[in-house]
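As they're listed, the protein sequences go chains G and V.
Per our numbering, residue 8 is the first one in the first sequence, and the count goes up by one each step.
Per our numbering, residue 8 is the first one in the second sequence, and the count goes up by one each step.
Backbone N, C-alpha and C define an ideal beta-carbon position, used for all residues, glycine too.
There are 2 protein chains.
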Amino acid sequence: MRRLSHYLRALEGFDRNGGGTVSSEELASKGHTTAAQVRKDLSHFGSFGKRGLGYGVSELVDRLRAILGVDRAWRVVLVGAGRIGSALFEYPDFKARGYDCVAVLDSDPHKIGAKWGNTTIRDTAELEAVVVREQIDLVVLAVPAVAAQEVTDRAVRAGIKGILNFAPVRLKVPAQVPVEDVNLVMELEALSFRITRGGASE
Amino acid sequence: MRRLSHYLRALEGFDRNGGGTVSSEELASKGHTTAAQVRKDLSHFGSFGKRGLGYGVSELVDRLRAILGVDRAWRVVLVGAGRIGSALFEYPDFKARGYDCVAVLDSDPHKIGAKWGNTTIRDTAELEAVVVREQIDLVVLAVPAVAAQEVTDRAVRAGIKGILNFAPVRLKVPAQVPVEDVNLVMELEALSFRITRGGASE
DNA sequence: TTGTGTGAATCCCTTCACAGCG
DNA sequence: CGCTGTGAAGGGATTCACACAA
């Protein structure tokens, strides 16, 4: 659920200590939904929340982190050390949120062996070995479209748990392996669509 | 509508020339929806499609491009010449799809004046002037979270038509200015959420 | 016969409204 | 009282099913 991430983000504005509380109203005002929506969303996962008071900030943060699965560290391998890969690798929020990029792979001989910080770029051929040895959970796919499916197949066979895909292709994966697609062109098209047709409602 | 972009993408696999046709069934199989869904989506915008035959590939492409507003060129300014900005600037698909990055701005004195290809990075202070002089349609916001709202306000006042926002903040904009948010951490959280709870249904 | 276009049925998500607990 | 939790109502989107055109 995307909104849960928003709630978690919104809660960072509040003090975790001191037993403070937030109402569904307050959470709704950030994160642009309604109070009823917030309550429904949260009630799906149990009923923590004090009637007449609101939700305990600290408890709610813990709950949301558990629900979203960010109460642990995720081990990530980045495949594709191009521009997008480099941007992602440096993105400070990833590590801060528990996504730990422990390996970078590329198939370009000119890049293999180079160092990013103290991470050495290795050959994509080592993918399976890296996944197993480094106990990788997630693959961030930042390779050209033509290579994406092959890398995916190999990662899946090696036992990966999920894929964040930047390649503009629909990956074929077994049902139990979730894929999230990020397609920048489609985002721009969504913009021009909304501009072209007036109604800018999000 | 996000699915329309998918249809357009799927159609690239077919030959535009030669008066070929596609059925809703074929379009559905790529783009992972149902045939009924495809027909409903398209019927919203008129009924072009020959019963018993399918849709003319060439005509459908034209229609979709018109609907999505990609039958014209969009003039884009990139604000923020960091890692993400650089990745976006080099992203070959943007220009190919009609999104033309005609200016790059940054507020870091070390970057101002540098050249990317034959585009010179200019001072973010020039934003308003650039928007007007270069007849900019869209802003791609790749600045730190703290700077995002200020840049947004200025771009909106200068008459921008839409914003693609990479900063992890919810921008306040007038209702008629559409914003598309890209939040990489939220994508990863969506992944870990789905992994944590089993059901990987997209 | 084939595959679109579309009302009708269905499902799911959001909003409403309020009972009930602190 | 104030605010949560939740059944009920409402609305929008998906799916079904079939008349109809090529």
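Residue j beta carbon less than 8 Å from that of residue i
{"i": "V/Leu134", "j": "V/Leu112", "result": "yes"}
{"i": "V/Val45", "j": "V/Leu60", "result": "no"}
{"i": "V/Leu178", "j": "V/Ile167", "result": "no"}
{"i": "G/Val192", "j": "V/Asp100", "result": "yes"}
{"i": "V/Val138", "j": "V/Ala162", "result": "yes"}
{"i": "V/Glu141", "j": "V/Val109", "result": "yes"}
{"i": "G/Ala17", "j": "G/Glu32", "result": "no"}
{"i": "G/Lys118", "j": "G/Ala165", "result": "no"}
Opening and closing residue of the beta strand (DSSP E) in which residue i lies
{"i": "V/Leu60", "result": "Segment: none, V/Leu60 is in no beta strand (DSSP E) and carries neither H nor E."}
{"i": "G/Tyr106", "result": "Tyr106 to Asp113"}
{"i": "V/Gly169", "result": "Gly169 to Asn172"}
{"i": "V/Asp130", "result": "Thr126 to Asp130"}
{"i": "V/Val77", "result": "No beta strand (DSSP E) holds V/Val77; DSSP gives it neither H nor E."}
{"i": "G/Ala188", "result": "First, the residue type needs correcting, since residue 188 of chain G is Asp and not Ala in the sequence shown. Run containing G/Asp188: Val186 to Asp188, per the beta strand (DSSP E) assignment."}
{"i": "G/Arg82", "result": "Trp81 to Val86"}
Continuous alpha helix (DSSP H) stretch holding residue i: start and end
{"i": "V/Thr203", "result": "Leu191 to Thr203"}
{"i": "V/Glu141", "result": "That residue, V/Glu141, is in no alpha helix (DSSP H); it is neither H nor E in DSSP."}
{"i": "V/Ile91", "result": "Arg90 to Glu97"}
{"i": "V/Arg164", "result": "Ala152 to Arg164"}
{"i": "G/Arg177", "result": "First-last for G/Arg177: undefined, no H or E at that position."}
{"i": "G/Gln183", "result": "Where G/Gln183 is concerned, there is no enclosing alpha helix (DSSP H), given that its DSSP letter is neither H nor E."}
{"i": "G/Lys37", "result": "Premise fails: G/Lys37 is in no alpha helix (DSSP H) and is neither H nor E."}
{"i": "G/Arg46", "result": "Ala42 to Ser50"}
{"i": "V/Ala121", "result": "No alpha helix (DSSP H) holds V/Ala121; DSSP gives it neither H nor E."}
{"i": "V/Ser12", "result": "Arg9 to Leu18"}
Cβ neighbour criterion (16 or more within 10 Å) applied to residue i
{"i": "G/Glu19", "result": "exposed"}
{"i": "V/Pro185", "result": "buried"}
{"i": "V/Arg201", "result": "buried"}
{"i": "V/Ala174", "result": "buried"}
{"i": "G/Gly120", "result": "exposed"}
{"i": "G/Val153", "result": "exposed"}
{"i": "G/His13", "result": "buried"}
{"i": "V/Gly56", "result": "buried"}
{"i": "V/Asn182", "result": "Reading off the sequence, residue 182 of chain V comes out as Ala, not Asn. Exposed, since its Cβ has fewer than 16 Cβ neighbours within 10 Å."}
{"i": "V/Asn190", "result": "buried"}
{"i": "G/Ala155", "result": "buried"}
{"i": "V/Asn172", "result": "buried"}
Nearest-angstrom beta carbon gap, residue j and residue i [assumed within contact, 8 Å]
{"i": "G/Asp160", "j": "G/Arg82", "result": "Not quite, the Cβ-Cβ distance comes to about 20 Å (not below 8 Å), so this is no contact."}
{"i": "V/Thr131", "j": "V/Val86", "result": "6 Å"}
{"i": "G/Gly105", "j": "G/Arg79", "result": "7 Å"}
{"i": "V/Gly63", "j": "V/Gly38", "result": "So it is not a contact: roughly 18 Å between Cβ atoms."}
{"i": "G/Glu196", "j": "V/Leu195", "result": "Rounded, the Cβ-Cβ distance is 23 Å, inconsistent with contact."}
{"i": "V/Arg23", "j": "V/Val68", "result": "6 Å"}
{"i": "V/Ala94", "j": "G/Ser93", "result": "7 Å"}
{"i": "V/Asp40", "j": "V/Arg10", "result": "A small correction: the amino acid at residue 40 of chain V is Thr; Asp does not occupy that position in the sequence shown. Confirmed, Cβ separation roughly 6 Å."}
{"i": "V/Glu187", "j": "G/Leu15", "result": "Not a contact, Cβ separation roughly 21 Å."}
Within chain V, the residues that residue i reaches when beta carbons sit closer than 9 Å
{"i": "G/Phe101", "result": "Leu191, Val192 and Leu195"}
{"i": "G/Glu19", "result": "Residues of chain V passing the Cβ test: none, with the nearest at roughly 10 Å."}
{"i": "G/Tyr14", "result": "Those do not exist, as G/Tyr14 stays about 11 Å from chain V at its closest Cβ, beyond 9 Å."}
{"i": "G/Ser50", "result": "By Cβ distance, chain V contributes nothing, its closest Cβ being about 16 Å from G/Ser50, past 9 Å."}
{"i": "G/Arg104", "result": "Val192, Leu195 and Glu196"}
Closer than 9 Å at the beta carbon, the chain G residues around residue i
{"i": "V/His117", "result": "In chain order: nothing, as chain G lies at least about 17 Å away."}
The ligand HEM heavy atom lying under 7 Å from the CB of residue i
{"i": "V/Gly124", "result": "In the structure shown, the ligand HEM is absent, as is every other ligand, since no ligand is present at all."}
Neighbouring residues, chain G, relative to residue i (Cβ below 7 Å)
{"i": "V/Glu33", "result": "Simply none; closest approach about 14 Å."}
{"i": "V/Val77", "result": "Glu196 and Ser199"}
{"i": "V/Ile143", "result": "Correct list: empty, because the minimum Cβ distance to chain G is about 13 Å."}
{"i": "V/Arg90", "result": "Ser93, Ala94 and Glu97"}
{"i": "V/Glu187", "result": "Glu194, Ala197 and Leu198"}
Amino acids of chain V, ordered along the chain, whose beta-carbon sits closer than 8 Å to that of residue i
{"i": "G/His39", "result": "Arg177"}
{"i": "G/Ala154", "result": "The contacting residues do not exist; G/Ala154 stays about 15 Å from chain V at best."}
{"i": "G/Ala121", "result": "Residues of chain V passing the Cβ test: none, with the nearest at roughly 16 Å."}
Within chain G, partners of residue i - CB distance below 8 Å
{"i": "V/Trp81", "result": "Leu195 and Ser199"}
{"i": "V/Arg164", "result": "Correct list: empty, because the minimum Cβ distance to chain G is about 17 Å."}
{"i": "V/Lys168", "result": "Ile202"}
Proximal residues of chain V, C-beta to C-beta of residue i below 7 Å
{"i": "G/Leu171", "result": "Glu194, Leu195 and Leu198"}
{"i": "G/Arg9", "result": "Met193 and Ala197"}
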